[in-house]
Amino acid sequence: MAGKAQATNSDTREIVSGGYFELRATPAEGCGVCTRLEAEWFERSDRDVLIEINNHPHKEPGLSRVRTWLGEGVTVG
């Protein structure tokens with residue numbers, strides 16, 4: 001599955017996952033967790049990453065690495 005970022009306006013960007021079910025996520029501005037997840041999406045196209053981006057502000061992370069990042073002090077914008 002290929003991913004792409006679509007500019008929705010000058011301040012936000014939207015990631016769109018193709019496939020049987022389309023999945024969209026917009027990383028929160030200034031959120032270190034969302035920024036890391038966005039980078040992972042473009043590296044591996046893992047749809048779980050998009051689900052976690054939509055889980056902002058990550059109070060109950062679905063991915064263990066997000067819990068680790070939060071424990072390390074990564075910011076949530």
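Straight run, no breaks: the sequence shown in the UniProt record's numbering ends on number 77.
No residue lacks a Cβ here, since even glycine has one placed at the ideal position from N, Cα and C.
In whole angstroms, give me the CA-to-CA distance for residue i and residue j.
i	j	result
residue 57	residue 77	8 Å
residue 46	residue 52	10 Å
residue 2	residue 71	Annotation note: pLDDT 49 at residue 2 (below 50); position unreliable, no value reported.
residue 48	residue 63	8 Å
Would DSSP call residue i helix, strand or coil?
i	result
residue 25	strand
residue 59	coil
residue 14	strand
residue 45	coil
I'd like to check one pair, residue j with residue i: are the Cβ atoms closer than 8 Å?
i	j	result
residue 13	residue 27	yes
residue 24	residue 33	no
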